[in-house]
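**Q** The structure is given below, and queries will be raised subsequently.
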Amino acid sequence: MTGSRGLHVERLLPDDWARFRQVRQQALRSDPDAFAASAHRWLSDLDVEARWRERLEAVATYVASLDGTDVGTAGVSGEHELLGMWVAPAARGTGVAARLVDAVARDVPAGTPLHLRVMAGNDVGVRFYTRCGFVLTDPEPDAEGCLTMTRPR
Ligand SMILES: CC(C)(COP(=O)(O)OP(=O)(O)OC[C@H]1O[C@@H](n2cnc3c(N)ncnc32)[C@H](O)[C@@H]1OP(=O)(O)O)[C@@H](O)C(=O)NCCC(=O)NCCS
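Okay, here's the thing in structure tokens:
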């Protein structure tokens with residue numbers, strides 16, 4: 013999936029775990045408030061090669077690179093939940109995030125809704141997802157403070 017101007021979106025496999033670790037931990041350190049407390053375990057007890065490999069087996073994970081530098085990531089679980097969306101600050105507002113949503117959506121069977129959870133108060137995230145066609149389906153924060161959004165298909 014090569015795009016124009018050096019943007020490349022590709023799926024990572026378990027052997028790519030160290031590359032995923034780098035971009036995922038960069039996301040958690042760059043934007044800690046955007047991710048639920050459970051996600052931060054990837055900086056501590058889950059930061060083990062076997063756990064990263066399991067994650068890449070369980071979640072179809074994509075990374076976006078711009079001129080060879082990883083600038084974003086997103087994945088989709090078997091339950092059709094969009095997970096771990098992040099774009100590096102320097103690459104925001106360039107369409108990278110939408111390309112990642114497109115890649116993830118292609119992994120979801122036709123007619124199947126795509127779900128996500130976004131931290132209440134992440135207004136930039138909610139506006140981005142709304143532009144991508146997601147609607148708030150549960151505006152009440154869950155136990156981790158997340159709202160649920162769904163994109164009907
Ligand atoms: C949510 C996210 C993936 C959206 O990606 P994006 O590239 O910023 O998306 P957009 O291009 O649609 O721009 C989003 C906003 O940033 C603004 N923006 C434009 N250029 C920008 C830049 N260079 N830097 C920062 N923001 C910029 C856009 O105008 C837009 O603002 P608006 O909603 O007030 O109109 C990204 O902001 C991000 O990674 N945020 C931190 C992690 C996060 O929240 N993840 C979601 C977890 S559920």
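When we follow our numbering, the leftmost residue of the sequence shown carries the number 13, and every step to the right adds one. Note that CB positions come from ideal geometry on N, CA and C, so glycine has one too.
Which residue or residues does DSSP assign as beta-bridge partners of Ser42?
**A** BP columns for Ser42 are empty, so no partner.
**Q** Can you round the beta-carbon distance between Leu55 and Leu40 to whole angstroms, since I take them to be within the 8 Å contact cut?
**A** That belief holds up - the Cβ atoms of Leu55 and Leu40 are roughly 6 Å apart, short of 8 Å.
**Q** Near Cys144, which residues of its chain fall below 6 Å by C-beta distance, leaving aside the five closest residues on each side in sequence?
**A** Cβ neighbours of Cys144 beyond the five flanking positions: Val113.
**Q** Between the Cα of Val88 and the Cα atoms of Arg65, Thr73 and Asp79, which residue gives the shortest distance?
**A** Checking every option, the nearest Cα to that of Val88 belongs to Thr73.
**Q** Considering only residues of the same chain and omitting the five flanking positions on each side of Trp98, which have a CB-CB separation below 7 Å?
**A** Here the set comprises Ala39, Asp43, Gly84 and Thr85.
**Q** One question on the structure: do His52 and Glu93 come within less than 8 Å of each other, judged by their Cβ atoms?
**A** Cβ atoms of His52 and Glu93: not closer than 8 Å.
**Q** Can you tell me the Cα-Cα spacing of Phe32 and Pro151, whole angstroms?
**A** If I take the Cα positions, the gap works out to 31 Å.
**Q** Going by DSSP, what residue range makes up the beta strand (DSSP E) through Leu78?
**A** Here the beta strand (DSSP E) through Leu78 covers Val71 to Leu78.
**Q** Using the Cα positions of Asp154 and Ser50, report the straight-line distance between them to the nearest angstrom.
**A** Going by the C-alpha atoms only, they are around 13 Å apart.
**Q** Helix, strand or coil for Arg63? Go by DSSP, reduced to three states.
**A** Correct three-state label for Arg63: helix.
**Q** On the criterion of 16 or more Cβ atoms from any shown chain inside 10 Å, does Leu24 qualify as buried, or is it exposed?
**A** With 16 or more Cβ atoms within 10 Å of its Cβ, Leu24 is classed as buried.
**Q** Could you round the C-beta distance between Arg163 and Phe146 to whole angstroms and report it? I think they count as a contact, below 8 Å.
**A** 5 Å between Cβ atoms; contact.
**Q** Taking 8 Å as the cut-off, decide whether the C-beta atoms of Pro125 and Arg165 are in contact.
**A** Going by C-beta atoms, Pro125 is nearer than 8 Å to Arg165.
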